[in-house]
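Numbering-wise (the numbering used here), the sequence shown opens with residue 13 and increments by one.
Note that CB positions come from ideal geometry on N, CA and C, so glycine has one too.
Fair warning: this is a prediction, and the values are worked out from it, not measured in the lab.
The block underneath contains the structure these notes are about, expressed in structure tokens.
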Amino acid sequence: ELERQAVEKAEAGSPVGLEVSGDLEQEAGPEGVLLLDEELAVRTALENNLQLKTEAVDLRIKERAADYAWNRFIPSVQASGTMGRMNEAQSMDVLTSFQEVPPDTDIPAYQSANLPQWSVSAGLDFSLTLNLAMYNGILGTRIDYRQGRISYEQAQRRVVRDVRKSFYNLLLMQENRALMQENIDAAQRRYEQAQINYENGMVPELQVLSARVAWENMKPQLKQLDLGYQQALQGFKMSLGVDMNREIELEGSIEAEAVTVDAEKLIEEYLTDRLDVRSMLGTIEALENQLQATKLQVYTPQLILGFNMDPGLVGDPWADPWFGDGAEWNQRSGMFRLTLAMSLDGLLPFSQTQIGMRELEDNIQKTRLGLLQTIRGAKMEIDSTVRQLEKSRDTIDTLLLNVERARRAYEMAEEAYNAGSQELLEVQNAEIELKSAQLEVLKERYNYLSALIDLEYQLNTEIEKLSE
């Protein structure tokens with residue numbers, strides 16, 4: 013309810029809010045069990061994840077700026093209209109005739125005429141400033157759009173990686189809980205068997221009490237597992253963008269086809285495709301473009317094109333016609349103009365512009381060093397992940413053998429305990445060993461899958477391509 017109220021407030025002034033509201037309307041309330049496999053979970057997250065929607069809005073803004081980067085060539089246009097009244101009445105001398113005065117001389121005759129106190133005029137002004145740096149401005153918006161696409165792709169990749177790892181983590185927790193439940197059921201059976209043996213006089217009461225204590229001690233562990241699972245599940249639902257009360261059922265298993273990869277070949281083939289490397293290269297390109305634009309602004313002049321019209325009505329706007337026959341308009345200062353201008357203060361070595369250019373050069377150098385650091389870190393990251401894959405693959409085979417040995421030992425101990433020839437402590441120890449072996453297999457399988465997903469993210473590629 014609070015979430016919906018917040019969205020309603022956002023709707024008041026934001027079209028984005030309307031989109032979010034529509035998503036919530038679609039998700040409102042639990043609608044039965046949502047069956048999810050890995051692929052469907054990823055697709056659901058890509059469609060509904062709110063952080064990804066935010067990145068999409070940012071990308072849309074940059075795309076619009078890139079599409080209309082040419083609009084800087086549109087001149088600024090200003091139209092105006094003015095009606096004014098003079099505070100004091102104005103007059104002027106008007107030539108009326110010439111008087112003949114001997115000897116043969118014409119003297120002009122003037123008559124004073126009052127001017128209208130009211131006047132009306134219009135204005136239209138066009139202005140366009142051109143310089144060589146405008147191309148760099150257009151290029152800058154396109155670079156920014158490319159950077160936005162990389163950022164959006166990074167966000168998508170992160171969502172896919174996190175959702176897949178969360179999916180398998182939930183499966184691991186489910187299997188861990190099922191294993192714990194099996195151990196609790198086994199402890200209950202041992203307690204019941206001890207109770208029967210005690211009633212038949214085969215074991216002392218102490219053994220019955222020990223079996224009951226061991227059984228009861230496992231129940232809080234199960235509750236703790238349930239709590240951790242619910243917390244992880246809520247985070248998973250948030251990543252998917254589904255209702256928190258929606259029941260989810262996962263379909264899948266913690267299995268992955270073993271892949272053999274070579275770290276050096278992967279680095280050579282995929283390093284330049286990494287999104288962080290591409291982002292750093294884009295940042296360097298943007299800074300270099302900004303530096304070039306600044307130099308062009310400093311060392312080249314700008315051409316200013318201008319045209320203006322300022323017609324004014326001759327006569328009284330209340331008594332004389334504005335249009336048609338008898339209307340008279342004239343211009344006082346209308347013109348077309350070309351102006352070449354160049355800023356001179358930017359040529360001074362200690363000016364803000366020159367200092368800014370040196371700072372840009374330093375930032376470019378710093379970003380290039382950051383790129384080298386990113387590349388080295390990427391190589392180390394890929395190599396470490398490949399080593400983790402190799403370690404997990406080899407460890408899983410060993411752990412599976414340990415599980416079989418531990419299971420056989422546990423079965424033998426339980427059979428001996430039921431026959432009364434084995435102590436309860438031995439059975440409990442065998443059970444702990446089996447549980448530990450099974451947990452290690454599950455964890456190592458998850459570690460392998462997690463490393464495989466991480467490698468896919470690090471290389472910006474698909475697992476299927478790594479298997480080819």
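Alpha carbon to alpha carbon, how far is Ser-462 from Asn-181? If you number the sequence shown from 1, residue 462 lands on position 450. If you number the sequence shown from 1, residue 181 lands on position 169. Between Ser-462 and Asn-181, the C-alpha separation is close to 9 Å.
Within its chain, find whatever has a CB closer than 6 Å to the CB of Arg-202; leave out the 5 residues flanking it on each side and keep chain order. Residue mapping note: residue 202 aligns to position 190 of the sequence shown, counting from 1. Contacts found: Ala-223.
For Ala-40, is the classification buried or exposed, using 16 other Cβ atoms within 10 angstroms of its Cβ as the cut-off for buried? Translated into positions along the sequence shown, residue 40 becomes position 28. With a pLDDT of only 37 at Ala-40, under the threshold of 50, the placement of this residue in the model should not be trusted; the figure read from the coordinates follows. Ala-40 should be labelled exposed.
Hey, how far is the Cα of Ile-266 from the Cα of Lys-455? If you number the sequence shown from 1, residue 266 lands on position 254. If you number the sequence shown from 1, residue 455 lands on position 443. Cα to Cα, Ile-266 sits roughly 10 Å from Lys-455.
Once DSSP output is grouped into helix, strand and coil, what is the label at Phe-138? Position 126 of the sequence shown holds residue 138. The answer is strand: DSSP assigns Phe-138 an E or B state.
I need the DSSP call for Ile-86, collapsed to helix, strand or coil. Reading the sequence shown from its first residue, position 74 is the one you call residue 86. Looking at Ile-86 - three-state DSSP - the assignment turns out to be coil, as it is neither helix nor strand.
Give the range of the beta strand (DSSP E) segment to which Phe-179 is assigned. Start at 1 with the first residue of the sequence shown, and residue 179 comes out as number 167. Taken as a continuous stretch (DSSP letters only), Phe-179 belongs to no beta strand (DSSP E), being part of the alpha helix (DSSP H) at 145–211.
Quick one: Cα of Ile-196 to Cα of Tyr-460, how far? As a working note, residue 196 is residue 184 in the sequence shown. As a working note, residue 460 is residue 448 in the sequence shown. When rounded, the distance between both Cα atoms is 29 Å.
Which stretch, first to last residue, makes up the beta strand (DSSP E) that contains Trp-341? Numbered from its first residue, the sequence shown carries residue 341 at position 329. Looking at the DSSP string, the run of the beta strand (DSSP E) that includes Trp-341 is 341–343.
Alpha-carbon spacing of Leu-64 relative to Ala-167, whole angstroms: Stepping through the sequence shown from its first residue, residue 64 is reached at position 52. Stepping through the sequence shown from its first residue, residue 167 is reached at position 155. Cα to Cα, Leu-64 sits roughly 6 Å from Ala-167.
What three-state label does DSSP hand Ile-260 in the structure shown? Working through the sequence shown from its first residue, we reach residue 260 at position 248. DSSP places Ile-260 in strand when its eight states are reduced to three.
Residues in its own chain within less than 6 Å of Glu-259 by CB, not counting five upstream and five downstream? Along the sequence shown, one-based indexing puts residue 259 at 247. Excluding sequence neighbours, Glu-259 sits near Val-45.
Per DSSP, Met-369 forms a beta bridge with which residues? The residue labelled residue 369 in the question sits at position 357 within the sequence shown. None, per the DSSP bridge assignment.
Cβ neighbour criterion (16 or more within 10 Å) applied to Lys-74: Walking along the sequence shown from the start, residue 74 turns up at place 62. Lys-74 comes out buried.
Whole-angstrom C-beta distance between Leu-287 and Ile-162, which should lie under 8 Å: For the purposes of this step, residue 162 is identified with residue 150 of the sequence shown, where counting begins at 1. For the purposes of this step, residue 287 is identified with residue 275 of the sequence shown, where counting begins at 1. The Cβ separation is near 6 Å, so the contact holds.
DSSP state of Phe-484 mapped onto helix, strand, coil: Only positions 13 to 480 of the chain appear in the structure, and residue 484 is not among them; the question remains open.
Would a C-beta distance cut-off of 8 Å place Val-172 and Val-273 closer than the cut-off? The residue given as residue 172 occupies position 160 in the sequence shown. The residue given as residue 273 occupies position 261 in the sequence shown. Not a contact, by the Cβ cut-off of 8 Å.
Please name the residue, chosen from Gln-366, Ala-226, Leu-381, that lies closest to Leu-308 on a Cα-to-Cα basis. Within the sequence shown, numbered from 1, the residue matching residue 308 stands at position 296. For the residues Gln-366, Ala-226, Leu-381, the minimum Cα distance to Leu-308 belongs to Gln-366.
I need the straight-line Cα distance from Pro-232 to Leu-381, nearest angstrom please. As a working note, residue 232 is residue 220 in the sequence shown. As a working note, residue 381 is residue 369 in the sequence shown. Whole-angstrom Cα-Cα distance: 53 Å.
So Leu-2 and Ala-53 are supposed to be a Cβ contact under 8 Å. How far apart are they, rounded? The question about residue 2 has no answer here: the residues shown for the chain are numbered 13 through 480.
At least 3 beta-carbon pairs within less than 8 Å: the region 419–432 vs the region 181–195: no
Given this structure, state the Cα-to-Cα distance separating Ala-77 from Thr-141, to the nearest angstrom. Here residue 77 refers to the residue found at position 65 of the sequence shown. Here residue 141 refers to the residue found at position 129 of the sequence shown. So the alpha carbons of these two residues sit roughly 20 Å apart.
Let's test the definition: count the other Cβ atoms within 10 Å of the Cβ of Asn-483 and tell me whether it reaches 16, buried, or not, exposed. What the structure shows of the chain is the stretch from 13 to 480, and residue 483 is not part of that stretch, so it cannot be assessed.
I need the boundaries of the beta strand (DSSP E) containing Met-48, first residue and last residue. Within the sequence shown, the letter at position 36 stands for residue 48. Note that residue 48 is Leu in the sequence shown, not Met. 46–48 is the span of the beta strand (DSSP E), which, as asked, contains Leu-48.
Secondary structure at Val-11, three-state DSSP: helix, strand or coil? Look at the range of the chain in this structure, 13 to 480, and you will see that residue 11 is not part of it.
Quick check: Gln-246 and Met-230, are their CB atoms within less than 8 Å of each other? Counted from its first residue, the sequence shown places residue 246 at position 234. Counted from its first residue, the sequence shown places residue 230 at position 218. No, Cβ-Cβ distance for Gln-246 and Met-230 is not below 8 Å.
Straight-line Cα distance separating Pro-128 from Glu-340: Looking up residue 340 in the sequence shown gives position 328. Looking up residue 128 in the sequence shown gives position 116. Going from the Cα of Glu-340 to the Cα of Pro-128 covers about 14 Å.
For Asp-209 and Leu-412, I'd like the C-alpha separation in whole angstroms. As a first step, residue 209 must be located in the sequence shown, where it is residue number 197. As a first step, residue 412 must be located in the sequence shown, where it is residue number 400. Here the sequence assigns Asn to residue 209, which means Asp is not the residue at that position. About 35 Å.
Rounded separation between Pro-87 and Ala-353 - CA only: Translated into the one-based positions of the sequence shown, residue 87 becomes position 75. Translated into the one-based positions of the sequence shown, residue 353 becomes position 341. Straight-line Cα distance between these residues: approximately 17 Å.
Taking only the alpha-carbon atoms, compute the straight-line gap between Gly-389 and Asp-395 and give it to the nearest angstrom. Taking the first residue of the sequence shown as 1, we reach residue 389 at position 377. Taking the first residue of the sequence shown as 1, we reach residue 395 at position 383. Taking the straight line from one Cα to the other gives about 10 Å.
With DSSP collapsed to three states, give me the class of Arg-420. If you number the sequence shown from 1, residue 420 lands on position 408. Looking at Arg-420 - three-state DSSP - the assignment turns out to be helix.
In the DSSP assignment, find the beta strand (DSSP E) that holds Leu-481 and state where it starts and stops. Nothing in the structure corresponds to residue 481, since the chain is present only between 13 and 480.
Classify Gly-294 as helix, strand or coil using the three-state DSSP reduction. In the sequence shown, the residue the question calls residue 294 occupies position 282. DSSP places Gly-294 in helix when its eight states are reduced to three.
Asp-35 to Leu-144, Cα distance in whole Å? For this step, residue 35 is matched to residue 23 along the sequence shown. For this step, residue 144 is matched to residue 132 along the sequence shown. Bear in mind that a pLDDT of 44 at Asp-35, under 50, signals an unreliable position, so the model cannot answer this.
Can you give the beta carbon distance from Ile-296 to Thr-379, rounded, assuming they're within the 8 Å contact cut? Residue numbering aside, residue 296 sits at position 284 when the sequence shown is read from its first letter. Residue numbering aside, residue 379 sits at position 367 when the sequence shown is read from its first letter. So it is a contact: roughly 5 Å between Cβ atoms.
Which of the three DSSP states, helix, strand or coil, is assigned to Ala-57? The residue you call residue 57 lines up with position 45 of the sequence shown. If DSSP states are grouped into helix, strand and coil, Ala-57 belongs with the helices.
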